[in-house]
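In this note's numbering, the protein residues as written are 133 to 571.
Written out as structure tokens, the structure reads:
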């Protein structure tokens, strides 16, 4: 096969396969390596056409344009493999073509055929070395595709390196047989170019993208399974919490349907506010101040509750949800029996972060009621809110709760360890009242 036939065949095959790759890329723009590779093939086809028409156009067009397009093609091929490895495009990949054009602008360099051949071969070998390095960075799970790419581009880089070495060792032999180099080396380079770019190279990049797509689908399926398990766990915990609230509210309502409806609806609303707060934070953690404000939202408009302090403290989902429900119960009890039952009554909620000597930290929350009806004696019956405070918070986050029923009003303090993650980061809250607390 003569040089002219080889060049036209090379251009034709590339222009047939490139639209196929572009069609696949157009259907799914996430497959960017295919689009980049198709663009590289179009450039190489243009280079082959310029060299095929070399005898019918100014020689400088073929030398500058043909070799320049070939170097751009080599850079784009490296960029395609880098894109498959998850790396962004690098402007350095156009440097070989820019360096070639810059060197050819020098009359002394352009007039020297050995110098042009040497520079071009070295630049292509450098591009192929970068492509091989990009293949080496691909995950081992994609084998044997990276190994095929390494073999193809390593062979082409080796051919160009041998071409440059031949030129340095025996310049007359290198330039005596057009286009350059000994005949076996020239023919080996030509056939390798014809097979690597349109056939083997396209198969490698297709296999690479296919393997990555299959891995992405596998990860998506695994993520979907985990999300379903997480949702199932979370729904079960919510249902358990709602069940506990239902039974406790029914038990304390003494058969009064109106009272049950009122108390149960208020508790469900508090639970909904807690979930809205957690959803806004993607169920990771919640600032302590936000949890307090969510719990006391129905009463803040009255101006009877003051919230002081904004410590740098966040709570895990379980602790945040339980704290919202517990503070809601404190405010509800204050509305029925405490400071909020009178217009002049006041409640002061103070938050601060307490650093311990051992390096641990805890959130401290103080609840102080004033100007309410006097408390004659501490209640003997443990209600829903008190269970939440003394059992739910303690189990969820290791909190300690102290309630002091003073004659002037209820004083309470909650201490939440901030370095304990009982529920795990981002994990769903456990039921705030388990079945063994419902007797």
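Think of the CB as a built atom: it goes at the ideal place given N, C-alpha and C, for glycine as much as any other residue.
Residues bridged to residue i (per DSSP)
i, result
"residue 291", "Bridge partners of residue 291: none, in fact."
"residue 543", "500, 536"
"residue 478", "502"
"residue 484", "496"
"residue 438", "480"
"residue 446", "419"
"residue 278", "In DSSP, residue 278 forms no bridge with anything."
"residue 548", "495"
Alpha-carbon to alpha-carbon, residue j and residue i
i, j, result
"residue 392", "residue 406", "21 angstroms"
"residue 216", "residue 166", "9 angstroms"
"residue 255", "residue 354", "44 angstroms"
"residue 311", "residue 248", "With a pLDDT of 47 at residue 311, under the threshold of 50, the modelled position of that residue is not reliable, and no figure is offered here."
"residue 372", "residue 481", "29 angstroms"
"residue 160", "residue 202", "27 angstroms"
"residue 153", "residue 416", "42 angstroms"
"residue 264", "residue 181", "27 angstroms"
"residue 138", "residue 144", "10 angstroms"
"residue 198", "residue 205", "11 angstroms"
"residue 172", "residue 351", "30 angstroms"
"residue 239", "residue 293", "25 angstroms"
"residue 467", "residue 433", "14 angstroms"
"residue 140", "residue 208", "22 angstroms"
"residue 93", "residue 234", "Any property of residue 93 remains undetermined from this structure, which presents the chain solely from 133 to 571."
"residue 410", "residue 423", "9 angstroms"
"residue 508", "residue 358", "54 angstroms"
"residue 260", "residue 349", "31 angstroms"
"residue 157", "residue 344", "14 angstroms"
"residue 485", "residue 436", "24 angstroms"
"residue 295", "residue 360", "59 angstroms"
"residue 528", "residue 455", "10 angstroms"
"residue 252", "residue 192", "15 angstroms"
Where residue i falls, given that 16 or more other Cβ within 10 Å makes a residue buried
i, result
"residue 184", "buried"
"residue 168", "buried"
"residue 241", "exposed"
"residue 273", "exposed"
"residue 213", "buried"
"residue 488", "exposed"
"residue 448", "buried"
"residue 337", "buried"
"residue 142", "buried"
"residue 541", "buried"
"residue 494", "buried"
"residue 479", "buried"
"residue 539", "exposed"
"residue 222", "exposed"
"residue 356", "exposed"
"residue 607", "There is simply no residue 607 to check, as the chain begins at 133 and stops at 571 in what is shown."
"residue 465", "buried"
"residue 244", "exposed"
"residue 228", "buried"
"residue 347", "exposed"
"residue 299", "buried"
"residue 395", "buried"
"residue 175", "buried"
"residue 146", "buried"
Minimum Cβ-Cβ distance from residue i to chain D less than 8 angstroms
i, result
"residue 252", "This model lacks chain D altogether; it includes just one protein chain."
Closest by C-alpha distance to residue i, when choosing among the options
i, options, result
"residue 549", "446, 538, 508", "446"
"residue 412", "426, 514, 470", "426"
"residue 399", "359, 463, 362, 386", "463"
"residue 519", "508, 533, 301", "533"
"residue 178", "195, 211, 252, 227", "195"
"residue 334", "148, 540, 137, 538", "148"
"residue 530", "140, 544, 450, 436", "450"
"residue 522", "386, 547, 500", "547"
"residue 453", "404, 508, 432", "404"
"residue 271", "176, 250, 340", "340"
"residue 517", "535, 508, 500", "535"
"residue 414", "172, 362, 484", "362"
"residue 510", "544, 162, 388", "544"
"residue 187", "136, 155, 218", "136"
"residue 342", "289, 277, 283, 364", "277"
"residue 218", "225, 237, 230, 162", "162"
"residue 514", "383, 527, 437", "383"
"residue 483", "442, 211, 455", "442"
"residue 286", "389, 395, 156, 258", "258"
"residue 220", "230, 280, 164", "164"
"residue 102", "250, 281, 266", "Here the chain covers residues 133 to 571 and nothing more, so residue 102 does not appear."
Q.
Closer than 8 angstroms is the cut-off here; do at least three beta carbon pairs connect the segment 457-475 with the segment 428-435?
A. Yes, the segment 457-475 is in contact with the segment 428-435.
Q. Do the segment 499-511 and the segment 467-474 meet, that is, are 3 or more Cβ pairs less than 8 angstroms apart?
A. Counting Cβ pairs under 8 angstroms, three or more are found: they touch.
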